[in-house]
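Chemist: Please read through the structure below; I'll follow up with questions.
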Amino acid sequence: MNLQTGFQLEDIRVEPGNGRLIRDGESIEIEPKVMALLVVLAEAGGEAVSREAIGEKVWPGVTVNEDALSRAVWKLRRALGDEARDAKFVVTVPKRGYRLAVTASSPPDPATAMPRWLPAAGLAGAGVLLAVVLLLLLVPVNTPQDQPAADLIARADDFYAQMTQSENEAAMRLYQRALEVDPGSAPAHAGLANTITQSVVRWSPGDWPEVGLNSRIQTALANGRTATPQARQQLERALGVARQALEIDPGYAPGYRALGLASSAMGDINGAMRAYDRAVTIDPDNWESLMNLSDLYGYQGQPELSLRYLEQSFEAMTRRYDAETARIRPWHSGAGLMIASRHAEQGRIEDAERWYRRVLHWDPFNSEAIPALAAILIERGEQRAARELCAGLSSDTAVAACSSPGP
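So in the working numbering the end of the sequence shown lands on 453, straight run, no missing numbers.
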C-alpha cells in the first residue's frame with residue numbers, strides 16, 4: 047500500500063497529497079511537516095521510530111531540536127483529537143521515540159463501498175438505493191466554509207501564538223475565513239491585524255524565532271524595514287482592521303492590543319503605549335499587552351519599568367495557563383528566563399534563583415534554567431544540590447551546559 051496516495055486510521059481518512067484529514071465529513075488541514083510526521087509513523091507499522099530517524103525523514107539535511115519535533119507531535123495529536131496522557135494514536139515511547147498505535151489501512155473505494163444495510167438486489171433494493179441517493183442530494187454537505195467563526199478563530203489563535211512564518215500565514219487565512227462567515231467579528235478583525243503586522247515586522251524566515259524574546263519591533267524600526275512604501279501600506283491596513291475591531295466592540299481588550307502592535311511598528315510609540323494601557327485597564331490579565339509594554343519601556347531606556355511589566359506578564363500568563371495552554375506555553379518559560387537573567391545582571395542573585403525555580407516548576411527539564419540555577423548553587427558552595435539538579439537532564443545540549451559550571 048502506497049501511503050502517500052492516502053490511507054485510513056480507524057474513522058479518519060488521511061490524504062497526504064491534499065494535506066488534510068477527513069473525519070465524519072469534516073476536513074482538517076494540517077501542515078506539510080506534520081503530515082510527513084504522520085506518514086513516517088504510519089510507514090513504521092506500529093514500531094517505535096526514533097527522534098533521530100524522524101528528523102532525518104521529515105527535516106532532511108536540517109538539524110532539528112527537540113522543541114520543533116515536540117511541537118510537530120503536539121500539532122498532530124491536536125489534529126487527530128489525541129491526548130498525550132491518554133494517547134489513542136500517537137504514543138510516546140520513553141527514551142526511544144514515537145509510534146502509531148493504530149494500523150494504517152487502505153481507504154474504502156467510494157465506487158464500491160455500500161452500507162451493509164442496503165439490499166443486495168431486487169426492486170425493493172433499487173428503490174431504497176434511489177431514495178438514499180435523493181436524500182444525500184438534499185442534505186447540505188458540511189464544508190470548511192460552514193465552520194462557525196468561533197472555531198476558525200480559536201484555531202487561528204493557536205497558530206498565531208506559535209510565532210513561525212508558516213503558522214502566521216495559516217492564522218491569517220483562518221481569520222479571513224472567519225470574517226467571511228461573520229463580518230462583524232471583533233476577534234477576527236483583531237487577529238487579522240496582528241498577523242498583518244507580524245508579516246511586516248518579521249519579513250524573513252530568520253526573524254521569526256523568539257531567541258530570548260528579543261524585540262522584533264525594535265529591530266524592525268532600527269533597520270527601517272517598516273518605513274518602505276509597501277510596509278507602510280500593509281501597516282495602515284493593519285491599523286484600519288484593528289480600528290474596525292474596536293468599532294464593533296469598544297471594550298475589546300485584544301483589539302487595543304492589535305492597535306498598539308500596529309502603531310508601534312509604525313513608530314508611534316506613545317500611541318502604542320496608550321493602546322496597550324487601555325487593553326490592560328479593560329483586562330488586567332492581557333499578558334500580550336503587558337509583554338509589549340515591557341518591550342516599549344525597554345526601548346525607551348527604562349529597564350526597571352520594563353522588568354516590572356515583564357513580571358506582570360508572567361503572572362498573567364500563569365493565571366491563564368490552563369485555559370490558554372497552546373497560546374501561552376511558547377512564551378511562558380522564555381519570559382521567566384529573561385526575568386531571572388535580568389535580576390542576575392543587576393546582582394540580585396536571590397531573585398534570580400527564585401525565578402529560575404519558578405520556570406522549573408512549570409517546565410521541569412528546561413535546558414536553560416537548570417544550568418543557570420546549578421551555577422548559582424555552585425557559587426554558593428552547594429555542589430551536591432547542583433549535581434542532583436542536573437541529574438534529571440536528558441538533552442545532550444543541556445547536559446553539556448550543566449556540566450560546565452563545575453563538579
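C-beta: ideal position from N, C-alpha, C; glycine also. These figures come from a predicted structure and were not determined experimentally.
1) Just curious, the alpha helix (DSSP H) that Leu220 is in, first and last residue?
2) Along the chain, where does the alpha helix (DSSP H) that runs through Leu87 open and close?
3) Phe53 by DSSP, collapsed to three states: which one?
4) Does the pairing of the segment 223-238 with the segment 138-155 give three or more beta-carbon distances under 8 angstroms?
5) Mark Pro453 as exposed unless 16 or more other C-beta atoms lie within 10 angstroms of its C-beta, in which case mark it buried.
6) In or out: Val139 buried (at least 16 other Cβ within 10 Å) or exposed?
7) So if DSSP puts Arg145 in a beta bridge, which residue, or which two residues, is it bridged to?
8) Is the segment 93-103 close to the segment 57-67, with three or more CB pairs under 8 angstroms?
9) Does DSSP put Glu428 in a helix, in a strand, or in coil?
10) How would you write the range of the beta strand (DSSP E) that Arg59 sits in, first residue to last?
11) Of all the alpha helix (DSSP H) runs that stay within the bounds of the segment 261-329, which reach a length of 4 or more residues?
12) Given a threshold of 16 other Cβ atoms within 10 Å of its Cβ, counted over all protein chains shown, does Glu414 qualify as buried or as exposed?
13) Ordered along the chain, which non-local residues of its own chain (more than five positions away) have a Cβ less than 8 angstroms from that of Ala94?
14) Is the distance from the Cβ of Ile242 to the Cβ of Gln276 below 8 angstroms?
15) Alpha carbon to alpha carbon, how far is Gln211 from Asn412?
16) Tell me whether Ser352 sits in a helix, a strand or coil according to DSSP, three-state version.
17) Mapping DSSP to helix, strand and coil, what is Arg248?
18) Apart from the five residues just before and just after Asp337, which ones in its own chain have a Cβ nearer than 6 angstroms to its Cβ?
19) Measuring CB to CB, does Val136 end up less than 8 angstroms from Leu87?
20) Restricting to Cα atoms, I'd like to know which of Arg433, Tyr355, Gly65 and Leu419 is closest to Ala216.
21) Apart from the five residues just before and just after Asp331, which ones in its own chain have a Cβ nearer than 7 angstroms to its Cβ?
22) When DSSP labels each residue in this structure, what does Glu75 get in the three-state scheme?
23) Write down the C-beta distance between Leu305 and Arg289 rounded to the nearest angstrom, noting that I regard them as a contact closer than 8 angstroms.
24) Determine the burial state of Arg426: buried for a count of at least 16 other Cβ atoms within 10 Å of its Cβ, exposed for fewer.
25) Could you name the residues that DSSP lists as bridge partners for Leu383?
26) Quick one: give me the first and last residue of the beta strand (DSSP E) that Arg394 is part of.
27) What's the C-alpha gap between Gly28 and Val148?
28) Can you tell me whether DSSP reads Ser413 as helix, strand or coil?
29) With H, G and I counted as helix, E and B as strand and the rest as coil, what does DSSP make of Arg433?
30) Figure out for me which residue from Asp128, Ala195, Leu267 and Met209 has the closest Cα to the Cα of Ile374.
31) Taking Tyr367 as part of the alpha helix (DSSP H), name the residues at either end of that continuous run.
32) To the nearest angstrom, report how far apart Leu307 and Ala266 are at their CA atoms.
33) Taking only three categories from DSSP, how would you classify Ser116?
34) Measure the C-alpha to C-alpha separation of Lys79 and Phe205 and round it to an integer number of angstroms.
35) Would you mind reading off the limits of the alpha helix (DSSP H) that contains Gly344?
36) Tell me which residues share the same chain as Gln244 and place their Cβ nearer than 7 angstroms to its Cβ, disregarding the 5 neighbours each side in the sequence.
Modeler: Taking the structure as given:
1) Gln211 to Val227
2) Pro78 to Glu89
3) strand
4) no
5) For Pro453, the predicted structure reports a pLDDT of 38, less than 50, and the residue's modelled location is therefore unreliable. The matter cannot be settled from this model.
6) exposed
7) Val137
8) no
9) coil
10) Ile58 to Glu61
11) 262-269, 275-294, 299-311 and 315-328
12) buried
13) Val139, Arg142, Gly143, Tyr144 and Arg145
14) no
15) 25 angstroms
16) helix
17) coil
18) It is worth fixing the name first, because residue 337 is Met in this sequence and not Asp. Same-chain partners within the cutoff: Ser359.
19) yes
20) Gly65
21) Ala362, Arg365 and Arg366
22) strand
23) 7 angstroms
24) exposed
25) Note: Leu383 sits in no beta bridge, so no partner.
26) Run containing Arg394: none; DSSP gives neither H nor E here.
27) Residue 28 lies beyond the range of the chain shown here (47 to 453); nothing can be said about it.
28) coil
29) helix
30) Met209
31) Taken as a continuous stretch (DSSP letters only), Tyr367 belongs to no alpha helix (DSSP H), as it is neither H nor E.
32) 12 angstroms
33) helix
34) 14 angstroms
35) Trp333 to Tyr345
36) Asn214
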